[in-house]
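K.L.:
Okay, so the sequence shown: first residue is 490 according to the working numbering, each after it adds one.
Where a beta carbon is used, it is the ideal one built from N, C-alpha and C, also for glycine.
Keep in mind the model is a prediction, meaning the values are calculated, not measured.
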Amino acid sequence: MSFRKKQILGFGLIMLFITVMLVGIIVMINNMKSNMLEIVEDRYGKVSQATEIQQLFSQSDRELLYLMNEEDKQSRQESIKRLEDNRVTIQKDITTLSSILNRAQARDLLTQIQIQYANYIETETQIVQKTEGNINEKAFSSLFKEHQQKREMLTENLSKFKKFQEDLMNQALKDSNDTYNQILTVVILGILCCLLLIMGASMWVIKSTSKTLKNISDVMGNIDYTDLSTLPRVEVGIKDEIGQIGLAFNEMASSLERYNEKEQRFNEQISDQNWIQTGIADVTTMYQNIVDVELLADKFMAKLTPLIGASMGAFYLRKGEENNPHFLKVASFAGRADDVGRKSFLFGEGIIGQCAIEKKMRVIEEIPSDYTFIASGLGEVKPTSILIAPVLYEGNVVAVIELASIRPYTDLQQRLLVQLLDTLGITVNNVLGRMEIERLLAESQMMTEELQAQSEELQTQSEELQAQSEELQSQSEELRMINEQLEERTRDAEQKSTDLQMAKNDLEEKAEQLQLSSKYKSEFLANMSHELRTPLNSILILSEMLSDTAAEGSLEDQKEFATVIHSSGKDLLNLINDILDLSKVEAGKLDITFSETNLSELPSYIDQQFRHVSQKKGLSFVINKDKNVPDILYSDEQRIQQILKNLLSNSFKFTEEGSVSISIRKVEEKIAHRWVDTKGADFWIEIKVVDTGIGIAKDKQQLIFEAFQQAEGATARKYGGTGLGLSICREFIKLLGGWIMVESQEGQGSVFTLYIPSLPNGLEAVYEVQQAPLEVAATIDAPLIEAVEIEEKQPVASDVSSSIYQGKTVLICDDDNRNIYALKTALEAEGMNIIAAQNGIECLELMEKNLDIDIVLMDIMMPGMDGYETMQRIRSIPFFNELPIIALTAKAMKGDRQKCLEAGASDYISKPLKLDQLFSVMSVWLTKSSK
């Protein structure tokens, strides 16, 4: 089948498809007519609802008449109920109509109906009320007449609404029929036109396609397959499928031309590479059996010079020592006697010397007029190109070659020379090595002959010495014995030296541990000073105020003071208990009582202790206890509860969002045996405390169990605490025969795991904790002594008129609400205005909003931004350069006063505060600032 017939068949199928499609369109139009009729029926629904409203009106009228004429109470109630049901149904129908109306006139009519229906309901309600009491015939007749008038108006508007919807329905039906007839006419005409256009297009496409295909076939027949460098192209005049074939042929022709060009270049490169490899093979074959470097130079120049098209050349070999090297000419090519180049040169001397320094090949195209001429039998000619190349071995220049040519050097010749020089350096070094070996061998033979003569002389002397040696042998035996004794003493001395070195290393390690322990305890005491002085400060201030206001103060204030004092005292008691527990453990005086511990009550105890904490912080708190956990565990119940309280307190303290959970289960002995000796235990209990808090860095997971140590810093602490809780947990669990471990990732939470044995007979071995040396305490006491000295240097209180404080504004920056409350109460009693901030960031924000602050009381140890940084930020604001700032700290370590003053504080007071001392300092600075 020809291409023409295929086209005719294809277009015929297209025409058939279009005809079927048009028939389908007609069918779809009929469906559209049906859909239009369904839309029109929407109008019928609206009319039906309006009719239903009219019927309900009539029913309401009948019920109203029954109500007026009926005397039975039950029948009257039923009529009233039917009236109310009709009202609900009518109101519902009106609401439905309101939501589906889409014409303004219909909405206006419905609005009038709604208004009139509201009036109708009002009159109907009045009639119902009248029928329930004494009926005044005249008034009732007038009211019923008014009701009939409103009903007639409402019925009239409903009729208008129905007629309007019916008119719209009839009009929509007429429009739909007209539209259908128009669409049918247009579609039929479109089908006829489309058929005519398709027939014309088919004839035109067939004719043009045949012509284009003939043009393409003629071009393909003219291709010369023996020469693909230039191929004919098809002239493409149209952009149809046939034109795409022509464009594809043109692209194929261009691709074949590019491929042919690349193939030619590749063949040239292969040829060049073969030429280079052949030249290298010829030269390297020549290197064999050459043992003299000058012979190597002669043969190399004789082989290389014609190979790269040079006409004359010279070979210079490096001579001399490292401190005075120079190059000497050892071979040349096509030279006249000694006229080819200079005999020698130094590094950096001339271009050839500079090339030796740079270790790079250089080609010179501009030749001076006085340069050496290349001579032949017929005459002389000036070279046009000079090539100078260093010969390298392991980065050092061992020779330099200079070649002159009457033609410029090609890249191919230069590439060949570079590759030859790579192997030449190795060959020159090997030949020089062989020459040196031969020289040394000759010298060795001469020295051997001399030694042979000397050996004969020595033989006679040895015979003389033999007699002497026999005499010395006896003496040497004595010396050997003495030497053995000395060696034994030397070994003893070396052993003692080794022992001394080990003892020294142990002492250095102990000293480092002692220094680290001293650092930890100093830091611990700093934190403990803050933790003890903070509640103590509140107790002293409030107790002093309580004593001052005992006679005249209100009972509510005294109760509030007593509450804060009780809370602070309780915190102090907990801190002291922690210190006493740790001290007992370190001294080995802590009593452990192994008795029955009821594990079934442990979940309820934990829930009672910490459920309110989880609810206050908005955390999920889950307690899980496996069914296989025995009810009785033989251990110290008090210590177990104390350990769990410490772990859960830490979890809640360091978890801001998420959950805290604790799980209790019985584990096999082999699981606990990985961490601790399991002999003598009936069974083992595993308790896990899991939280989603801040987590612990990998390098600090063991550090947190050390005494006096915390994972966070000692000054800018976010969460507070003394660092004793986990240390106490570790020592307690050891005394119980168990083990504690931690798994954590920073920012993802922590998992503390306890392994506790059931020991009916207690522990056989007593765990002792080594006491730290007494010298550590001496180093730690120094900061406390300094703290006392600091307090003694504070100014003495003096009687100052309270008028200085009246109306003054003081900003209190402290992270402890008890301190803020105590100071606020004391200062408000003097007539001062109080602004409070709980950290440095909040302090700076308040100062930006309140520029009338007269004095600042700044705590040092605060979360987030501490007092030092806050004072520096305040002093960086020019407006607050002269603002009095009094630093308040409970740390009171050595150098704190100077550090506070350097950070920007005007004065310094250590906690616990004395009110007269505080007022004295404040009066001094308020007086200065007012001046």
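#1: Express the C-alpha separation of K993 and Q1237 in angstroms, rounding to a whole number.
#2: Assign M741 to buried or exposed, taking buried as 16 or more other Cβ atoms, counted over all protein chains shown, within 10 Å of its Cβ.
#3: How long is the line joining the alpha carbons of P721 and V708, rounded to whole angstroms?
#4: Just to confirm the assignment, what range does the beta strand (DSSP E) spanning M1347 have?
#5: Taking S833 and V852 to be in contact with their CB atoms under 8 Å, please state how far apart those CB atoms are, rounded to whole angstroms.
#6: Can you tell which of E967, T1378, R576 has its C-alpha closest to the C-alpha of A607?
#7: Run the CB neighbour count on I863, radius 10 Å, all protein chains shown included, and call it buried at 16 or more, exposed below.
#8: By how many angstroms is the C-alpha of L1243 removed from the C-alpha of K1159?
#9: The beta strand (DSSP E) that contains K1177, what's its start and end?
#10: Using the Cβ count rule (16 or more neighbours within 10 Å means buried), how would you classify R636?
#11: V1165 by DSSP, collapsed to three states: which one?
#12: Could you pull out every residue in the same chain whose Cβ sits closer than 8 Å to the Cβ of Q601, ignoring the five residues on either side in sequence?
#13: Check for me: the alpha helix (DSSP H) holding N812 runs from which residue to which?
#14: Please list, in chain order, all residues of the same chain as K1309 whose beta carbon is under 7 Å from its beta carbon, the five residues on each side excluded.
#15: Please work out which residues of its chain come closer than 8 Å, Cβ to Cβ, to E927, disregarding the five sequence neighbours upstream and downstream, and give them in chain order.
#16: Given this structure, state the Cα-to-Cα distance separating A1276 from Y1397, to the nearest angstrom.
#17: L835: which of N813, G1320, S1409, K848 sits nearest, CA to CA?
#18: Assuming I895 and S800 make a contact with CB atoms under 8 Å, what is their CB distance in whole Å?
#19: DSSP state of I518, grouped into three classes?
#20: Which class does E1280 belong to by DSSP, given the choice of helix, strand or coil?
#21: Just reading off the alpha helix (DSSP H) that L785 is part of, what are its end residues?
#22: Name the DSSP beta bridge partners of S821, please?
#23: Return helix, strand or coil for F1141, following the three-state DSSP convention.
#24: Please go through the same chain and pick out, in chain order, the residues whose beta-carbon is closer than 6 Å to the beta-carbon of R1364, but skip the five residues on each side of it.
#25: Between A1271 and the rest of its own chain, which residues show a CB-CB distance below 6 Å, the 5 nearest in sequence each way excluded?
#26: Whole angstroms is fine: what's the gap from N763's alpha carbon to T912's?
#27: With distances taken Cα to Cα, identify the nearest neighbour of K848 among A888, E855, E854, L685.
#28: Return the bridge partner residues of A1325 from the DSSP annotation.
#29: Check whether the Cβ atoms of G1182 and T1144 sit closer than 8 Å, and answer yes or no.
#30: Please confirm whether M1321 has its beta-carbon closer than 8 Å to some beta-carbon of chain D.
#31: Report the three-state DSSP secondary structure of D995 (helix, strand or coil).
#32: Tell me whether A770 is buried or exposed, calling it buried when 16 or more other Cβ atoms sit within 10 Å of its Cβ.
#33: Compute the beta-carbon to beta-carbon distance between I797 and L910, rounded to the nearest angstrom, for a pair I have assumed lies under 8 Å.
#34: Provide the residue span of the beta strand (DSSP E) that contains V1111, from first to last.
#35: Could you compute how far the alpha carbon of S564 sits from the alpha carbon of N591?
P.N.:
Let me spell this out:
#1: 44 Å
#2: exposed
#3: 7 Å
#4: 1344 to 1348
#5: Wrong, their Cβ atoms sit about 23 Å apart, outside the cutoff.
#6: R576
#7: buried
#8: 15 Å
#9: 1173 to 1180
#10: It is worth fixing the name first, because residue 636 is His in this sequence and not Arg. By the 10 Å Cβ count, H636 comes out buried.
#11: coil
#12: N646
#13: Element bounds for N812: n/a, residue is neither H nor E.
#14: According to the sequence displayed, residue 1309 carries Ile and not Lys. The answer, listed in chain order, is I1301, D1303, A1325.
#15: V780
#16: No answer about A1276 holds up, because its pLDDT of 34 lies below 50 and its placement is not dependable.
#17: N813
#18: 6 Å
#19: helix
#20: Caution applies to E1280, whose pLDDT of 38 falls short of 50 and renders its modelled position unreliable; the value that the coordinates give is listed next. Correct three-state label for E1280: helix.
#21: 782 to 796
#22: A803
#23: helix
#24: G1393
#25: Low per-residue confidence applies at A1271: pLDDT is 33, beneath 50, and the placement is therefore not dependable, though the value from the model is reported in the following sentence. Hits under 6 Å: none found.
#26: 18 Å
#27: A888
#28: I1301
#29: yes
#30: Chain labels in this structure do not include chain D; a single protein chain is all it has.
#31: helix
#32: exposed
#33: With a Cβ gap of about 11 Å, I797 and L910 do not count as contacting.
#34: 1109 to 1114
#35: 43 Å
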